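Q: The structure's right below; bear with me while I get my questions together.
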Amino acid sequence: MTTSFSAGSLVSARGRDWVVLPESAPDMLVLRPLGGADDDIAAVFPAFESVTSAQFAPPSPTDLGDAQAAGLLRSALRIGFRSGAGPFRTLAGIAVEPRAYQFVPLMMALRQRTTRILISDDVGIGKTVEAGLIASELLAQGSARGLAVLCSPALAEQWQDELRTKFGIDAELVLASTVSRLERGLDLGQSLFDRHPHVIVSTDFIKSTRHRDDFVRHCPDLVIVDEAHTCVAADDNKTTTQNQLRYELLQRVAADADRHLLLVTATPHSGKESAFRNLLGLLKPELATVDLGSEAGRRMLAPHFVHRKRADVRQYLTREDGLADDSLAEQTSFPSDRHFKDETYKLTPAYRALLDDAIAYASDRVTAADQRGRREARIAWWSAIALLRSLVSSPRAAAQTLRTRSATAAAVTAEEADRLGAPLTSDFSDSDALEGLDVAPGAEAADVDNAGARLAELADRAAELEGPTEDRKLAALVTHLKALLKDGYHPIVFCRYIPTAEYVAEHLDGKLGKKTIVRAVTGTLSPQQRIERIEKLAEDAGDDPAARRVLVATDCLSEGVNLQHHFDAVVHYDLAWNPTRHDQREGRVDRYGQKRDVVRVITLWGSDNGIDGKVLDVLIKKHRQIRKDLGISVSVPDADSAGVTDAIVQWVLLRGQQVRRGDQGSLFDIDEFTGLDKKAAALAADWQSAAEREKTSRSRFAQHAIRPEEVAREVAAVRDTLGRAGEIRGFVRRSLYALDGVLRDRPDGSGDFTAELGGTPAGLRDALAPVLGGDVVERGRPVPLRATAAVDRGEVALVRTDPAVVALAGYVLNAALDDQASGPRPARRCGVIRTRSVTSRTTLLVVRYRFHLTLPSRTGTRQLVAEDARLLAFEGAPTNARWLSHEDALALLDATADANTDPGFGESTMRRVLQDLPATTDHLDAYGAELAAELLASHRRVRSASGEIVRGLTVTAQKSADVLGAYVYLPAPTAATPTAGGIG
56 MTTSFSAGSL
66 VSARGRDWVV
76 LPESAPDMLV
86 LRPLGGADDD
96 IAAVFPAFES
106 VTSAQFAPPS
116 PTDLGDAQAA
126 GLLRSALRIG
136 FRSGAGPFRT
146 LAGIAVEPRA
156 YQFVPLMMAL
166 RQRTTRILIS
176 DDVGIGKTVE
186 AGLIASELLA
196 QGSARGLAVL
206 CSPALAEQWQ
216 DELRTKFGID
226 AELVLASTVS
236 RLERGLDLGQ
246 SLFDRHPHVI
256 VSTDFIKSTR
266 HRDDFVRHCP
276 DLVIVDEAHT
286 CVAADDNKTT
296 TQNQLRYELL
306 QRVAADADRH
316 LLLVTATPHS
326 GKESAFRNLL
336 GLLKPELATV
346 DLGSEAGRRM
356 LAPHFVHRKR
366 ADVRQYLTRE
376 DGLADDSLAE
386 QTSFPSDRHF
396 KDETYKLTPA
406 YRALLDDAIA
416 YASDRVTAAD
426 QRGRREARIA
436 WWSAIALLRS
446 LVSSPRAAAQ
456 TLRTRSATAA
466 AVTAEEADRL
476 GAPLTSDFSD
486 SDALEGLDVA
496 PGAEAADVDN
506 AGARLAELAD
516 RAAELEGPTE
526 DRKLAALVTH
536 LKALLKDGYH
546 PIVFCRYIPT
556 AEYVAEHLDG
566 KLGKKTIVRA
576 VTGTLSPQQR
586 IERIEKLAED
596 AGDDPAARRV
606 LVATDCLSEG
616 VNLQHHFDAV
626 VHYDLAWNPT
636 RHDQREGRVD
646 RYGQKRDVVR
656 VITLWGSDNG
666 IDGKVLDVLI
676 KKHRQIRKDL
686 GISVSVPDAD
696 SAGVTDAIVQ
706 WVLLRGQQVR
716 RGDQGSLFDI
726 DEFTGLDKKA
736 AALAADWQSA
746 AEREKTSRSR
756 FAQHAIRPEE
766 VAREVAAVRD
776 TLGRAGEIRG
786 FVRRSLYALD
796 GVLRDRPDGS
806 GDFTAELGGT
816 PAGLRDALAP
826 VLGGDVVERG
836 RPVPLRATAA
846 VDRGEVALVR
856 TDPAVVALAG
866 YVLNAALDDQ
876 ASGPRPARRC
886 GVIRTRSVTS
896 RTTLLVVRYR
906 FHLTLPSRTG
916 TRQLVAEDAR
926 LLAFEGAPTN
936 ARWLSHEDAL
946 ALLDATADAN
956 TDPGFGESTM
966 RRVLQDLPAT
976 TDHLDAYGAE
986 LAAELLASHR
996 RVRSASGEIV
1006 RGLTVTAQKS
1016 ADVLGAYVYL
1026 PAPTAATPTA
1036 GGIG
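Below is the structure:
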């Protein structure tokens, strides 16, 4: 490589300016457009193409702008940077603006040679973003070359979309439905995990014997495991085969000590100490056995475990965190509360008679089966539960269950009957896969004692009860939905079974007002089809503020899916027997980005069906109280949950026998006979104990590896380089206004506004059309712009990485650099401003620096070129400059013009300053060296825990810096001071 074209230098080729990258050789230059992204990199061969050294063109003194020009140019420049020089390589290029608390796992990861972290923040805090930040950073720095995300198939496409749209990582889906296509494109003997460096893999698909070995042999060096608590086994005999297979897979993946491993779950403990230990052991084997109550154990765990609830991050970085001031404090927009309301309904006489007869049938079958052996008893038991749950769900679910053969009927053993029956009826299955669990279970076990005829007769009676006249539960739902809709809410109605969801949606359609749209989403749709239907529902509602949407769904949507942008209330139409499922349902809307301050939750329960009341009292209300006390959810202890739900069913069956006998008084105490009261009390005690342990755990294992003041220092550095929210919001508003956009503030005082873009320049509309849609731009439809990174599709986030903001900044910057461009140009490279903000002539410079970085990692050393933009200001002439502080230079951006400036005087003043500007070169170079030293210190701080990955780290400023803009501020004349030079 010739000295003329050293890394970081500026060259001209193909009619534009480029930065030379370190990968260049004498016969081939690797170039990135000035200010461009890595996607724009090109290879140029000097032997065949003309490549010359370039000097950035100085500003033209004839191209003067107003007082806002400097700020707009600086912001447009910073927004365009995609290659920052700080220790976080990817923050300039990702399409998400991390909250300050989300830097914590990232900083923890960068302090480890091999990243091994369990991220167990509470539901809705943003664990996917935290994992994505770590993944993109490790890949960008070269510490990892490939990525695999293990998750349930229902969440695979969501992970793929999140990685692609927010982090620029294109990952291939490896699912049962895609693997054949992927394998057809392989070379002989090639693994698809070698062919595709980034993959999203179904955990349940890849754990099979056929695929597991290939995955382990060719597994990428970075693995993220979603819902990791479902992939570990407890040291007891209740662990399912599926869990054991997942755990064995992860053990083999984790066995490679050089593999990065991120475990993600909101429920790391789940009440099983051994499972929690096994989870920690995947990160570091010693954690499986160390005394976590000891100081040594906590120190060992701290670098690997981040565990926070909403209260910990709702307001982060304050004086309470040890900061000098609150300038970096962040208020994270979670809903402040969930408003719970339990609403009852009573059965009609016809429905009451059907339920009594069904209970009698189930009771008789269970009693008879007990005499025939344990296998028959368990089959009858699960059939009875299926029948009871479907009857209290809906008439349609009941009819289908009564006409369907039980899955347990084919069981050979009692254990097999339990394995087949539990997932469909109990809600306490260990399986993370909700796929297929919303089908209506069967109740018919065998054609004994004319059972088939009795079930058919019951099914016919159930079918006749459809509709709000006989189904008071449905009638109650209509009433409560109308109240929610009247208050402006958009609710989700959660049902247990597919037939119930379809039945409810069918009967709600047209009953809730002309402007209310109702749609159903169940397990009959693929995960992608579910998202498409939800998006279509939101689209159909349109921009009409009076339009309302209601989604009826099964629990196929209760995990992992983000619905907070479209919905803000939850109705539990069917009670889950696992209260954690209620929390999961509510967590779909009660999460970061929810616009409502209060999320409403309505729970419907039958006051006279004998089942709902017990479930509500024993399970649901206790779960709520613990969540209210701790601020987090604590799972029902598995050891007791099955016993309690069994006792509830037994209570119902025995109660039915007592009613049939016509007992006026109790011949025996059913509660005592079933042990329900004792089991409920034992469950409550164990649950409370688990809650106290969790509370202690939260305190003991609260995130202490990274202190708030450490985060604050790095966040401040990032935002000084990339821009703060206020700067971006101001840039977008001023630029769109100057470009003839029509802006309207929202009346709620949020800082949000809408923009109509039909009158803006054609070049800007062309740049925005691929992002916002051509019809939106050309027809001038209002585009919502929101002061948050958590926006819905079709909205613009007022953050530097939003594609619409990037397109606007690119247009403003290009127009500023091209002084021959026609049409409005909000930013200019020069300006002369008369203002009361200065007392002597002051010059503000917008300067672009380029840095050459040497970044060591465990896979080798990478040479990189990065850019930064800074403001420097001096008083007096350039030849005798008195340089101002960074704060004083920044304050000039807020200076307003207090007097007019004659154009001729302004041009002559600007010309004299620009002629003498080379005199500032030495100071600009010295300042660049100071920035390089600060950046080096920041890199070392972030990686301070590992000397191995800071050895050889260097940051060097490239000479000379580019002066993009120069702005002269002159004191405004006072009434006693005569004007000069045409100023008046």
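First residue of the sequence shown: 56, per our numbering; consecutive thereafter. All C-beta atoms in this analysis are idealised placements derived from N, C-alpha and C, irrespective of residue type, glycine included. In this text, all values refer to a predicted model and were calculated from it rather than measured experimentally.
1) Taking three-plus beta-carbon pairs below 8 Å as touching, is the stretch 761 to 771 in contact with the stretch 153 to 160?
2) Can R605 and V653 be called in contact, C-beta distance under 8 Å?
3) Measuring alpha carbon to alpha carbon, tell me which of A531, S349, V278 and D425 ends up nearest R398.
4) Given T571, which residues of its chain have a CB within under 8 Å of its CB, disregarding the five upstream and five downstream residues?
5) In its own chain, which residues sit with a C-beta less than 6 Å from the C-beta of L202, not counting the 5 before and 5 after it?
6) By alpha-carbon positions, which one of L671, L76, R133 and T220 ends up nearest to R925?
7) For L193 versus V280, is the C-beta distance shorter than 8 Å?
8) Would you say R889 touches the ligand HEM, meaning its beta carbon is less than 7 Å from a heavy atom?
9) With DSSP collapsed to three states, give me the class of L671.
10) What do you get for P358, buried or exposed, if any count of 16 or more other CB atoms within 10 angstroms of its CB means buried?
11) Three or more beta-carbon pairs under 8 Å between the stretch 832 to 846 and the stretch 868 to 881, yes or no?
12) What whole-angstrom Cβ distance do L823 and A870 have, given they're in contact under 8 Å?
13) State yes or no: is the C-beta of T1009 within less than 8 Å of the C-beta of T909?
14) With a cut-off of 8 Å on the beta carbons, I'd call L337 and L305 a contact; round off their distance for me.
15) May I ask you to report which of helix, strand or coil DSSP gives V184?
16) Using 8 Å as the threshold, is the C-beta distance between V673 and A737 below it?
17) Taking the beta carbon of A122 as the centre, do at least 16 other beta carbons fall within 10 Å, making it buried, or is it exposed?
18) Using 8 Å as the threshold, is the C-beta distance between P1028 and A954 below it?
19) Just checking, does the stretch 898 to 905 make contact with the stretch 1011 to 1023 on the three C-beta pairs under 8 Å criterion?
20) Among S449, G543 and D943, which one has its Cα closest to the Cα of K650?
21) Could you say which of R779, V826, L853 and P763 lies nearest to D806 if we only look at CA atoms?
22) Are there three or more Cβ pairs, one per stretch, closer than 8 Å when the stretch 654 to 673 is compared with the stretch 619 to 628?
23) So, are the CB atoms of A495 and T459 less than 8 Å apart?
24) Excluding five sequence neighbours on each side, which residues of the same chain lie with their C-beta closer than 7 Å to the C-beta of A472?
25) Hey, Q455 and P323 are a contact pair by Cβ (cut 8 Å); roughly how many whole angstroms apart?
26) Does DSSP put Y904 in a helix, a strand or coil?
27) Alpha carbon to alpha carbon, how far is P881 from V1055? Give it in angstroms, no decimals.
28) Would you say the stretch 158 to 170 touches the stretch 304 to 318, given that touching needs at least three Cβ pairs under 8 Å?
29) Using DSSP's beta-bridge definition, name the partner residues of Y18.
30) Compute the distance between the beta-carbons of L237 and I255, then report whether it is under 8 Å.
31) Using only CA atoms, which one of V75, P142 and R332 lies nearest to I96?
32) Do the stretch 969 to 985 and the stretch 934 to 953 touch if we need at least three Cβ pairs shorter than 8 Å?
33) Determine the burial state of F723: buried for a count of at least 16 other Cβ atoms within 10 Å of its Cβ, exposed for fewer.
34) Do you know whose CA, among P113, R996 and D72, lies nearest M965's CA?
35) By Cβ distance below 7 Å, which residues in the same chain neighbour I761 in space, the five residues on each side in sequence not counted?
36) So, is E519 buried or exposed, given that buried needs 16 or more other C-beta atoms within 10 angstroms?
A: Looking at the coordinates:
1) Taking one beta carbon from each stretch, the stretch 761 to 771 and the stretch 153 to 160 have 3 or more pairs nearer than 8 Å; the two touch.
2) With the sequence shown as reference, residue 605 is identified as Val, and Arg is not the correct amino acid for it. No.
3) Before going further, note that residue 398 is Glu rather than Arg in the sequence given. Closest in C-alpha terms to E398, from the list A531, S349, V278 and D425, comes A531.
4) Listed in chain order, the non-local C-beta contacts of T571 below 8 Å within the same chain comprise L540, A602, R603, R604 and V605, local neighbours out to five positions each way being set aside.
5) Contacts found: A190, H253, P275 and L277.
6) When each option's Cα is compared against that of R925, the closest is R133.
7) At least 8 Å separates the beta-carbon of L193 from that of V280.
8) For the ligand HEM, the structure offers nothing, since it holds no ligand at all.
9) Note: L671 maps to helix in three-state DSSP.
10) With 16 or more Cβ atoms within 10 Å of its Cβ, P358 is classed as buried.
11) No: the two stretches stay apart, fewer than three of their Cβ pairs being nearer than 8 Å.
12) A870 and L823 do not touch by the CB rule: their CB atoms are close to 14 Å apart, not below 8 Å.
13) The Cβ-Cβ distance between T1009 and T909 falls below 8 Å.
14) Under the criterion of beta carbons closer than 8 Å, L337 and L305 qualify as touching, at roughly 6 Å.
15) DSSP places V184 within a helical segment (H, G or I) once states are collapsed to three.
16) Contact: no.
17) Around the C-beta of A122, 16 or more other C-beta atoms lie within 10 Å, and the residue is accordingly described as buried.
18) Yes. Within cutoff.
19) Yes: the two stretches touch, three or more of their Cβ pairs being nearer than 8 Å.
20) Per the Cα distances, G543.
21) Per the sequence shown, residue 806 should be read as Gly rather than Asp. Selected option, being the one with the closest Cα: L853.
22) At 8 Å Cβ cutoff, the stretches touch.
23) T459 sits close to A495, with the two beta carbons spaced by under 8 Å.
24) Only R430, R433, I434, W437, T463 and A466 meet the Cβ criterion.
25) The Cβ separation is near 38 Å, so there is no contact.
26) Under the three-state reduction of DSSP output, Y904 falls in the strand class.
27) It is not possible to answer for residue 1055, since the shown part of the chain is limited to 56 through 1039.
28) Yes: the two stretches touch, three or more of their Cβ pairs being nearer than 8 Å.
29) Because the chain in this structure spans residues 56 to 1039, residue 18 falls outside the shown range and cannot be described.
30) No, the Cβ-Cβ distance between L237 and I255 is not below 8 Å.
31) Nearest of V75, P142 and R332 to I96, Cα basis: V75.
32) Per the Cβ contact rule, the stretch 969 to 985 is in contact with the stretch 934 to 953 (3 or more Cβ pairs under 8 Å).
33) Here F723 scores only 43 on pLDDT, less than 50, and its place in the model is too uncertain to base an answer on.
34) It is P113 whose Cα lies nearest to the Cα of M965.
35) The answer, listed in chain order, is V159, M162 and M163.
36) By the C-beta density criterion, E519 is exposed, having fewer than 16 other C-beta atoms within 10 angstroms.
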